[in-house]
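This note's numbering numbers the first residue of the sequence shown as 84 and each following residue consecutively. Glycine residues also receive a C-beta, built at the ideal position from the N, C-alpha and C atoms. Just so you know, these numbers come straight off a predicted model, no measurement behind them.
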Amino acid sequence: MKKRRRNIVFAQLEITSVADKGYGMARHEGKVVFVEKTIPGDIVDAQIQKNKSDYAMGYPIVFHKKSSLRVDAFCEHFGTCGGCTWQNIDYKTQLLFKKQLVEDAFRRIGKVMDISIIPDVLASPYEKYYRNKLEFTFSDSRWLMPEEMDIAVEGKNRNALGFHIPKKFDKILDIKHCYLQPALSNEIRLALKSYGLIHELEFYNLRTHEGFLRNVIIRNTADNQIMVIVIVAKNEMELIQKLMKHLQFTFPEITSLYYVVNSKVNDTIYDQEMHHFSGEEFIIEQIENIKYRLGPKSFFQTNTEQAKNLYSIAITMADLKKEDLVYDLYTGLGSIALLMADKCKQVVGVETVPTAVEDAIENAKLNGIENCTFICGNMDKMFDAAFVETHGKPDVIITDPPRAGMHKDVVNQILQMEPRRIVYVSCNPATQARDIQLLSEKYRVSKLQPIDMFPHTFHIENIALLEKII
84 MKKRRRNIVF
94 AQLEITSVAD
104 KGYGMARHEG
114 KVVFVEKTIP
124 GDIVDAQIQK
134 NKSDYAMGYP
144 IVFHKKSSLR
154 VDAFCEHFGT
164 CGGCTWQNID
174 YKTQLLFKKQ
184 LVEDAFRRIG
194 KVMDISIIPD
204 VLASPYEKYY
214 RNKLEFTFSD
224 SRWLMPEEMD
234 IAVEGKNRNA
244 LGFHIPKKFD
254 KILDIKHCYL
264 QPALSNEIRL
274 ALKSYGLIHE
284 LEFYNLRTHE
294 GFLRNVIIRN
304 TADNQIMVIV
314 IVAKNEMELI
324 QKLMKHLQFT
334 FPEITSLYYV
344 VNSKVNDTIY
354 DQEMHHFSGE
364 EFIIEQIENI
374 KYRLGPKSFF
384 QTNTEQAKNL
394 YSIAITMADL
404 KKEDLVYDLY
414 TGLGSIALLM
424 ADKCKQVVGV
434 ETVPTAVEDA
444 IENAKLNGIE
454 NCTFICGNMD
464 KMFDAAFVET
474 HGKPDVIITD
484 PPRAGMHKDV
494 VNQILQMEPR
504 RIVYVSCNPA
514 TQARDIQLLS
524 EKYRVSKLQP
534 IDMFPHTFHI
544 ENIALLEKII
């Protein structure tokens, strides 16, 4: 017999600070309580979903008081779309909260007691239209708004092209206007949806995995080059050709046009063939004097203008000498490696994703850079003493791992290598602080710089400079 869940409500919770993943934090009878969709200054009753001995998690069911820090959201989709969850907080206040998240991680996990070394968060140059890549999903099961619940909504009216509803994998919020990417992205998305409706193309069903139109990815560069990748579920060439020609002639601004046929259950396309339909095969982004060739599978920081600042700060912290050998771990397509190549003797970039390494090698050729070597392999397995014997002992290490941070074996190998400096770029201060604590037997944190890559979200990037203890 299934155990019946108790209905637990904590009343009159005063939200006093922010916590990981953007939760508001309160206390109830000595227990820490994390409440989603709240901010400091709110007083709420919370429905508790998880109740442990030392903490609880829940969501607000009654607001007794709303924080004075709240502002009106500028997007009509706010509150339903899971994208910009801090849009109802003034931007300067968002930056203060993000700084608190970094301070908490380094005090609590990294055991860095002197948090005065953490400067203010570097604000994004743009608060809106800052992203250079978005993916939208077609669905025949549009998320219905509250005012639609009592009326019958069927057929074409259930079709949508937009974003996934949080915690509802099969429901898509139809997006009318998105403030994350420049205007042409909205126009292309709306035109695709309109074409699908007019020509009665089947929008994908995420439960039954039936339908034709599945996803669209739109990329752009700082100088307005546009790449569009349309993903369909069936290899019906007549439908594909007509759809792609419609896009080609409706939007001559599109620099590069691709389509993908993905008939798998999962929606990842990185194991699928990319069919080049028209225009250039690649778009070109430029930072300083380095050009980056971006294809449909390429990974690049999604806030280009802020990425320029991030890379500049990381390289400045590295304080490179002309005779230095630098390891660039988790190098991606060589974003940082290529920028610092003229400041040192040699760069060895290491990456687990084969297509990223291919991009890095091609980007080095594109820029005429000959002192960068890029190696593909599992970092946890190949990054060992034999690797150092082959490629040399690094003077400086740049590391930019995924959210999970570095594997403990990678951390241990860095301790054995003993580089002069480590510059640790992270999109997750908690795992960054954990790794830095593991490195603390030989390294001290001398500089930190939080950087806001994603305005109106709780996400925060952080750069740490570690110097060897003499």
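Hey, out of the options, whose CA is closest to residue i's CA?
i      : options                           : result
Leu521 : Met536, Ala424, Leu498 and Gln532 : Leu498
Val195 : Ser523, Ile543, Glu550 and Met536 : Ser523
Leu412 : Met465, Ala447, Phe360 and Pro379 : Met465
Glu210 : Asn386, Ala139, Thr291 and Pro202 : Asn386
Asn545 : Leu393, Met423 and Lys405         : Leu393
Thr540 : Lys104, Glu97 and Leu96           : Lys104
Ile309 : Gly279, Leu340 and His329         : Leu340
Asn450 : Glu388, Lys380, Gly279 and Tyr375 : Tyr375
Asn349 : Leu289, Leu326 and Pro379         : Leu289
Tyr212 : Gly162, Ala468 and Thr304         : Thr304
Arg214 : Thr338, Asp173 and Pro265         : Pro265
Asn461 : Val433, Glu388 and His282         : Val433
Phe365 : Gln355, Pro379 and Thr435         : Pro379
Ala243 : Ile271, Lys276, Ala397 and Leu217 : Lys276
Ala102 : Val494, Lys476, Phe334 and Gln177 : Gln177
Gln429 : Glu270, Leu326, Ile396 and Gly475 : Gly475
Cys427 : Val436, Lys405, Ala443 and Glu356 : Lys405
Whole angstroms is fine: what's the gap from residue i's alpha carbon to residue j's?
i      : j      : result
Glu501 : Ser418 : 24 angstroms
Gln384 : Val116 : 34 angstroms
Ile200 : Gln170 : 28 angstroms
Lys491 : Arg517 : 10 angstroms
Ala235 : Leu227 : Low confidence applies to Ala235: its pLDDT is 48, below 50, so where it sits in the model is not reliable, and the reading given next is rough at best. Approximately 10 angstroms, taken between the alpha carbons.
Asn90  : Phe189 : 36 angstroms
Lys530 : Phe252 : 41 angstroms
Asp463 : Asp425 : 29 angstroms
Pro485 : Thr414 : 11 angstroms
Val299 : Pro208 : 27 angstroms
Val344 : Lys135 : 46 angstroms
Met84  : Lys133 : Per-residue confidence for Met84 stands at a pLDDT of 45, beneath the threshold of 50, marking its modelled position as unreliable; the derived number appears in the next sentence. If you take the alpha carbons of Met84 and Lys133, they lie about 21 angstroms apart.
Leu408 : Ala447 : 17 angstroms
Met108 : Val118 : 6 angstroms
His562 : Ile352 : Coverage of the chain is limited to positions 84 through 553, which leaves residue 562 absent and any answer about it impossible.
Glu445 : Glu97  : 54 angstroms
Val440 : Leu422 : 16 angstroms
Gln95  : Pro538 : 30 angstroms
Asp257 : Tyr287 : 13 angstroms
Phe93  : His260 : 37 angstroms
Ser222 : Leu179 : 38 angstroms
Ile552 : Arg503 : 9 angstroms
Arg302 : Ser381 : 10 angstroms
Ile519 : Ile370 : 29 angstroms
Ile505 : Ser224 : 49 angstroms
Gln532 : His282 : 51 angstroms
Thr438 : Leu416 : 8 angstroms
Thr473 : Ile373 : 28 angstroms
Lys114 : Ile131 : 13 angstroms
Thr99  : Lys325 : 56 angstroms
Going by DSSP, what residues sit across from residue i in a beta bridge?
i      : result
Gln612 : The structure shown does not extend to residue 612, since the chain is modelled only from 84 through 553, so no value can be given for it.
Ser509 : Asn545
Asn134 : Ala139
Val92  : Gln130
Val471 : For Val471, which the question treats as bridged, DSSP gives no partner whatsoever.
Gln532 : Ile546
Val101 : Gly107
Asp257 : Gly245
Lys148 : Ile126
Arg527 : Glu550
Ser361 : Leu340
Glu293 : Asn288
Phe117 : Met108 and Met140
Ile480 : Tyr410 and Ile505
Ile458 : Val433
Lys251 : Ile248
Does the contact criterion of 3 or more C-beta pairs under 8 angstroms hold for the region 146 to 166 versus the region 503 to 517? Touching, no, given that fewer than three Cβ pairs across the two stretches are closer than 8 angstroms.
Take every Cβ of the region 243 to 257, pair it with every Cβ of the region 172 to 192, and state whether three or more of those distances are shorter than 8 angstroms. Touching, no, given that fewer than three Cβ pairs across the two stretches are closer than 8 angstroms.
Which ranges does the alpha helix (DSSP H) cover as unbroken runs of at least 4 residues, wholly within the region 384 to 447, from first to last along the chain? Counting only runs of 4+ residues, the alpha helix (DSSP H) found wholly inside the region 384 to 447 occupies 387 to 401 and 418 to 423, in chain order.
When the Cβ atoms of the region 136 to 146 are set against those of the region 155 to 175, are three or more pairs found closer than 8 angstroms? Under the three-pair Cβ rule at 8 angstroms, the region 136 to 146 does not count as touching the region 155 to 175.
Using 8 angstroms as the Cβ pair cut-off and three pairs as the minimum, do the region 476 to 483 and the region 447 to 462 touch? These segments do not touch.
Given 8 angstroms as the limit, is there contact between the region 356 to 376 and the region 398 to 411, that is, 3 or more CB pairs closer than that? No contact exists between the region 356 to 376 and the region 398 to 411.
Residue ranges of each beta strand (DSSP E) within the region 297 to 339, 3 or longer: The region 297 to 339 is shown to contain whole beta strand (DSSP E) runs of 3 or more residues at 309 to 315, in chain order.
Just list the beta strand (DSSP E) runs in the region 152 to 233, keeping only unbroken ones of 3 residues or longer that don't cross its boundaries, in chain order. The DSSP assignment places complete beta strand (DSSP E) segments of no fewer than 3 residues inside the region 152 to 233 at 216 to 222, in order along the chain.
Taking contact to mean at least 3 C-beta pairs separated by less than 8 angstroms, is the region 284 to 299 in contact with the region 310 to 325? Yes, the region 284 to 299 is in contact with the region 310 to 325.
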